[in-house]
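Chains as they are written, first to last, in the working numbering: chain A, 1 to 382; chain B, 1001 to 1382.
Glycine residues also receive a C-beta, built at the ideal position from the N, C-alpha and C atoms.
Quick caveat, the model's predicted, so the values are computed rather than measured.
Written below as structure tokens is the structure these notes are about.
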């Protein structure tokens, strides 16, 4: 038993903690500028004596790996670093196999830690490795993108892509700790920050009109890195944590988190996940617009709400229309095929997240596919 | 919603049901001669409308696949069959990837079923596929070997091998139903039946002296296929289910199930898992003997108990000594290296299952490795 190390007392550190309440698998998300400086002591306190296999990608590795390993080493945590190429292509079987083998080659035991230092790709891939090596090792996430901080690091979804689609192979596996250093986001390209922001806006749109209004007033400060950024990350994590705690295995309410994602995934797939054309958050932004427009077409939602959503997304610089994606897109039929193979399909019916207003999204099972096809044809023709 | 189909009322079917109690993940193991005839109706009742991807191996497929698919088809269950080569070599990444892809190619959804028809290899591999495709599909096991019926189909351990060792990559994943048809064991080669019997004997040895005594009296009837066989399978499943219900993630008591397995795995690894020389159950039989002898050497166990264990294992035709393994074996040092890399190692200490008598096994953490090495050297020299 190691004595608890004192967490550095630093007035500059104004931290927020979101507790994800999942019984024995509950964990904390600690959010704040420079929380990374505490990573070593926090890990030692949580898992005394454990070693850590840090999985990162080449881009994040160059920026943050040396400093991060030093922080862990200083606290007495022995580390091994495993680096994968940056980008979605790393979420594949071959990389999963290589990482599992490398973690085992480092003689990591069940109580040792797989630590994801990176964005969503690194987190998803590392989480599946952590879930699978020795049928489950400890898992800590240090998300380095806004998208990963507010989305992929909360909720335990891990996995890789298959040639049949994104995230089709994986596990529900909860981390033991998530550290969201909002200062690290200063190094993020603007396009990636915006893409992550699409998910922040999503939490307002799906269930919290007051939060959406707050975002309309405060988005500049969030982009600039003020305390509002921490607040936005914390409220987003809390929103997701609340849904996940209620419905860990995505039987019902958790599907709300897919607002904008059915259309968004289809568009990402339609451009073969070429991030030069479309990154995930941009697909979500366009997908959320489509979900609101489709809901309006179904007479669920007043036109003013659609306009308000579009205005905010345009304000922050996000795309809102299919036509904003550069290059040729496939016809509506092809998009429908992609949607049908999407993992949110249940027994041939289409499940969509629709909305009755800002903050009033709901799960609609059994949407008539022909309505969706007609809607998409119309949008593609605009 | 489909109406419940009537389960065929057949006086020949004297079934036993063992309930594995794991909260929301509880499931039944139904045991008896020709329970397979009810597979279709039971699946329809449990998962109305679900389709099934049957995973089997070439050996079992030749014997049972056509009949089994017919039983499912007759009940209205749509099936796809996926066949892997027979043998441990199929528990590898490449096969895991191929099966995941094939299940997705068959457009299986989350509510559809991965059905394992085969022995432990098929069950372990299929279970990991079921756990991973779409982050968890339904999973049903139809174990066709005695070993799989009493061991690998209970408890939710699934996985594949890595070049660093057996079962090092996988998931804890519970099936929705297990059907143990004891008549199907009539087609099993005697050597395989004996190997499975080693695990049956293990349940007596680890915690139930009365069951061990019953086995000493009834083993011939178990081998011959009488109602005693059903009884032995049911009591073994119940014994394992009790331990698993108490300790699903193998934090403590579940380790008792590894009686004989640390030595056994080391021997299997030492012969490179060449089943011509040693199959798993034979390794367990020799491993159980070694565990009893080692416990005796530590003054934990009277010599008479060691003799009694050996007599019973010899009676049923199982090997009991390292020297029973044909061919050359590596020195004790090499076996120790294998044991150290075994997944039951915790922070450099050796954890062994020792025993104070028939039915009195216990978990001993922190066994001095030099004692084990000396014991193995001695045994190898005999």
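Would you list, in chain order, the members of the region 1161 to 1195 of chain B that have their beta-carbon closer than 7 Å to a beta-carbon of chain A?
1162, 1163, 1164, 1168, 1169, 1170, 1171, 1172
For the putative contact between residue 50 of chain A and residue 111 of chain A, defined by C-beta atoms under 8 Å, what is the C-beta separation to the nearest angstrom?
For the purposes of this step, residue 50 of chain A is taken as the residue at position 50 of the first chain. For the purposes of this step, residue 111 of chain A is taken as the residue at position 111 of the first chain. Residue 50 of chain A to residue 111 of chain A, Cβ: 6 Å. Contact.
What are the complete alpha helix (DSSP H) segments, minimum 4 residues, inside the region 207 to 237 of chain A?
209 to 224
Helix, strand or coil for residue 1019 of chain B? Go by DSSP, reduced to three states.
Reading the second chain from its first residue, position 19 is the one you call residue 1019 of chain B. Strand.
Residue 1341 of chain B and residue 1164 of chain B: beta carbons closer than 8 Å?
Position 341 of the second chain, counting from 1, holds the residue named residue 1341 of chain B. Position 164 of the second chain, counting from 1, holds the residue named residue 1164 of chain B. Yes, Cβ-Cβ distance for residue 1341 of chain B and residue 1164 of chain B is below 8 Å.
Tell me which residue opens and which closes the alpha helix (DSSP H) that residue 43 of chain A is part of.
Here residue 43 of chain A refers to the residue found at position 43 of the first chain. Residue 43 of chain A -> alpha helix (DSSP H) spans 39 to 46.
Ordered along the chain, which non-local residues of its own chain (more than five positions away) have a Cβ less than 6 Å from that of residue 116 of chain A?
Taking the first chain and counting its residues from 1, the one referred to as residue 116 of chain A is at position 116. For residue 116 of chain A, where only same-chain residues beyond five positions count, the Cβ hits under 6 Å are 55, 122, 123, 126, 141.
Where does the unbroken beta strand (DSSP E) through residue 143 of chain A begin, and where does it stop?
Numbered from 1 along the first chain, position 143 holds the residue referred to as residue 143 of chain A. Looking at the DSSP string, the run of the beta strand (DSSP E) that includes residue 143 of chain A is 138 to 143.
Contact with chain A by residue 1200 of chain B, beta-carbon distance below 8 Å
The residue labelled residue 1200 of chain B in the question sits at position 200 within the second chain. Residue 1200 of chain B does not count as touching chain A.
When the Cα atoms are used, what is the spatial distance from residue 1106 of chain B to residue 357 of chain A?
Counted from its first residue, the second chain places residue 1106 of chain B at position 106. Counted from its first residue, the first chain places residue 357 of chain A at position 357. Distance between the alpha carbons of residue 1106 of chain B and residue 357 of chain A is about 38 Å.
Identify, in the order they occur along the chain, each residue of the same chain with its Cβ nearer than 8 Å to the Cβ of residue 1312 of chain B, setting aside the five sequence neighbours on each side.
Within the second chain, the letter at position 312 stands for residue 1312 of chain B. Around residue 1312 of chain B: 1201, 1212, 1215, 1216, 1219.
What span of residues does the alpha helix (DSSP H) with residue 974 of chain B cover, start to end?
Outside the shown range of chain B, which is 1001 to 1382, sits residue 974 of chain B, and nothing can be said about it.
Residue 1189 of chain B: buried (16+ other C-beta within 10 angstroms of its C-beta) or exposed?
Position 189 of the second chain, counted from the first residue, corresponds to residue 1189 of chain B. Exposed, since its Cβ has fewer than 16 Cβ neighbours within 10 Å.
Which one of B:1155, B:1063, B:1377 has the shortest CA to CA distance from residue 1247 of chain B?
Looking up residue 1247 of chain B in the second chain gives position 247. That would be B:1155, whose Cα lies nearest to the Cα of residue 1247 of chain B.
Which two residues bound the contiguous beta strand (DSSP E) that contains residue 1364 of chain B?
Locating residue 1364 of chain B in the second chain gives position 364, where the first residue counts as 1. Where residue 1364 of chain B is concerned, the enclosing beta strand (DSSP E) stretches over 1361 to 1367.
Within the 8 Å Cβ cut-off, does residue 1277 of chain B reach chain A?
As a position in the second chain, residue 1277 of chain B is number 277, starting the count at 1. Chain A contact via Cβ: absent.
Three-state secondary structure assigned by DSSP to residue 177 of chain A
Walking along the first chain from the start, residue 177 of chain A turns up at place 177. It is a strand residue.
Does residue 286 of chain A come out as helix, strand or coil in the three-state DSSP assignment?
Here the question's residue 286 of chain A lines up with position 286 in the first chain. In the structure shown, residue 286 of chain A sits in a helix (DSSP, three-state: H, G or I).
Quick one: using the 10 Å Cβ neighbour count with 16 as the cut-off for buried, is residue 33 of chain A buried or exposed?
For the purposes of this step, residue 33 of chain A is identified with residue 33 of the first chain, where counting begins at 1. By the 10 Å Cβ count, residue 33 of chain A comes out buried.
For residue 84 of chain A, the first and last residue of its enclosing alpha helix (DSSP H)
Here residue 84 of chain A refers to the residue found at position 84 when the first chain is read from its first residue. Per DSSP, residue 84 of chain A belongs to no alpha helix (DSSP H); it is in the beta strand (DSSP E), 79 to 84.
What in chain A is Cβ-close to residue 1097 of chain B, meaning under 7 Å?
Taking the first residue of the second chain as 1, we reach residue 1097 of chain B at position 97. Correct list: 93.
Taking CB distances under 8 Å as the criterion, tell me whether residue 104 of chain A reaches chain B.
Counting from one through the first chain, the residue named residue 104 of chain A turns up at place 104. Yes - at least one Cβ of chain B is within 8 Å of the one on residue 104 of chain A.
Name the chain B residues whose beta carbon is nearer than 7 Å to that of residue 100 of chain A?
Counting from 1 along the first chain, the entry for residue 100 of chain A is found at position 100. Within chain B, the residues near residue 100 of chain A are 1162, 1169.
Less than 8 Å between the beta carbons of residue 119 of chain A and residue 1135 of chain B, yes or no?
By 1-based counting over the first chain, the position of residue 119 of chain A is 119. By 1-based counting over the second chain, the position of residue 1135 of chain B is 135. Using a Cβ distance threshold of 8 Å, residue 119 of chain A and residue 1135 of chain B do not count as a contacting pair.
Same chain only: Cβ atoms within 8 Å of residue 1065 of chain B, ignoring 5 sequence neighbours per side
Within the second chain, numbered from 1, the residue matching residue 1065 of chain B stands at position 65. Answer for residue 1065 of chain B: 1054, 1056, 1081, 1083, 1117, listed in chain order.
Continuous alpha helix (DSSP H) stretch holding residue 184 of chain A: start and end:
Start at 1 with the first residue of the first chain, and residue 184 of chain A comes out as number 184. From DSSP, residue 184 of chain A is part of no alpha helix (DSSP H); its letter is neither H nor E.
List the residues of chain B that residue 131 of chain A touches, going by C-beta distances under 8 Å, in chain order.
As a working note, residue 131 of chain A is residue 131 in the first chain. Going along chain B in sequence order, the residues near residue 131 of chain A (Cβ under 8 Å) are 1171.
Could you pull the start and end residues of the alpha helix (DSSP H) that residue 303 of chain A belongs to?
Counting from 1 along the first chain, the entry for residue 303 of chain A is found at position 303. Start and end: 303 to 316.
Leaving aside the five residues before and after residue 1036 of chain B along the sequence, list all residues of the same chain whose C-beta is less than 6 Å from its C-beta, in chain order.
Reading the second chain from its first residue, position 36 is the one you call residue 1036 of chain B. Excluding sequence neighbours, residue 1036 of chain B sits near 1181.
So what's residue 111 of chain A in DSSP terms, helix, strand or just coil?
For the purposes of this step, residue 111 of chain A is taken as residue 111 along the first chain, with counting starting at 1. In the structure shown, residue 111 of chain A sits in coil (DSSP, three-state: anything other than H, G, I, E or B).
Burial state of residue 6 of chain A, where buried means 16 or more other Cβ atoms lie within 10 Å
Stepping through the first chain from its first residue, residue 6 of chain A is reached at position 6. With a pLDDT of 48 at residue 6 of chain A, under the threshold of 50, the predicted position of this residue should be treated as unreliable, though the coordinate-derived value follows. Exposed: under 16 other Cβ atoms inside 10 Å.
Taking only three categories from DSSP, how would you classify residue 1335 of chain B?
Taking the first residue of the second chain as position 1, residue 1335 of chain B is located at position 335. If DSSP states are grouped into helix, strand and coil, residue 1335 of chain B belongs with the helices.
Between which two residues does the alpha helix (DSSP H) holding residue 267 of chain A run?
Residue 267 of chain A sits at position 267 when you count from the first residue of the first chain. Start and end: 261 to 270.
Find the nearest neighbour of residue 186 of chain A within the set A:60, A:339, A:360, judged by alpha-carbon distance.
Looking up residue 186 of chain A in the first chain gives position 186. Residue 186 of chain A has its Cα closest to that of A:60, out of A:60, A:339, A:360.
Quick check on DSSP: helix, strand or coil for residue 1027 of chain B?
Here residue 1027 of chain B refers to the residue found at position 27 when the second chain is read from its first residue. DSSP places residue 1027 of chain B in strand when its eight states are reduced to three.
Under 8 Å, with one C-beta from each stretch per pair, do the region 278 to 293 of chain A and the region 303 to 312 of chain A reach the 3-pair mark?
yes
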